[in-house]
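Enquirer: Numbering (the numbering used here), first residue to last: 70 to 212. In this text, a Cβ means the ideal position worked out from N, Cα and C, and glycines have one as well. Sharing a structure below in structure tokens format, with a few things to ask.
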């Protein structure tokens, strides 16, 4: 019995250095798991993000040629209306006020606008169904 008391009296706990190393290893392991989990969530949310570009050019004083390209992984629905500075414009070949562009596809439209002034700069804005605003700058040059 005396022997057991002597053994317990001489036993020591983990040294502070070993305890610190174990705590750091556990912290790193947990952070790797959380980072992997959050990365999976982020990729899932970003996979449906719209990647659409808008390019517009004035073909005459009252006509604009619009090219929309969907380089994303999902079909994009766009509103058939937009603004040229403060004037509302409507794109004609739309169905029920919207038009869709499939992934990896482009669409071209022509629309009539109020008479533009030679050398003036205009800003065309269009909106997707998810609320993203696309912007293109147009500088009209008279022929």
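Could you check what DSSP says for residue 185 in three-state terms: helix, strand or coil?
Expert: Residue state, collapsed to three classes: coil.
Enquirer: Residue 169: which of 152, 191, 182, 143 sits nearest, CA to CA?
Expert: The shortest Cα separation from residue 169 among 152, 191, 182, 143 belongs to 143.
Enquirer: Quick one: Cα of residue 129 to Cα of residue 147, how far?
Expert: Looking at the two C-alpha atoms, the distance is approximately 24 angstroms.
Enquirer: Report the residue from 121, 176, 206 whose alpha carbon sits nearest the alpha carbon of residue 200.
Expert: Of the listed residues, the one whose Cα sits closest to residue 200 is 121.
Enquirer: Residue 96 by DSSP, collapsed to three states: which one?
Expert: DSSP places residue 96 in helix when its eight states are reduced to three.
Enquirer: Given residue 187, which residues of its chain have a CB within under 7 angstroms of its CB, disregarding the five upstream and five downstream residues?
Expert: If we look at residue 187 and ignore the five residues flanking it on each side, its Cβ neighbours are 209, 210, 211.
Enquirer: What residue from 197, 159, 155 has the CA that sits closest to residue 219's CA?
Expert: No answer is possible for residue 219: the residues shown for the chain start at 70 and end at 212.
Enquirer: Got a sec, what are the start and stop residues for the beta strand (DSSP E) residue 192 sits in?
Expert: It spans 190-197 - the beta strand (DSSP E) in which residue 192 sits, taken as one unbroken run.
Enquirer: Buried or exposed: which applies to residue 173, given that a residue is buried once 16 or more other Cβ atoms fall within 10 Å of its Cβ?
Expert: Looking at its Cβ environment, which holds fewer than 16 other Cβ atoms inside 10 Å, residue 173 is exposed.
Enquirer: According to DSSP, is residue 151 helix, strand or coil?
Expert: In the structure shown, residue 151 sits in a strand (DSSP, three-state: E or B).
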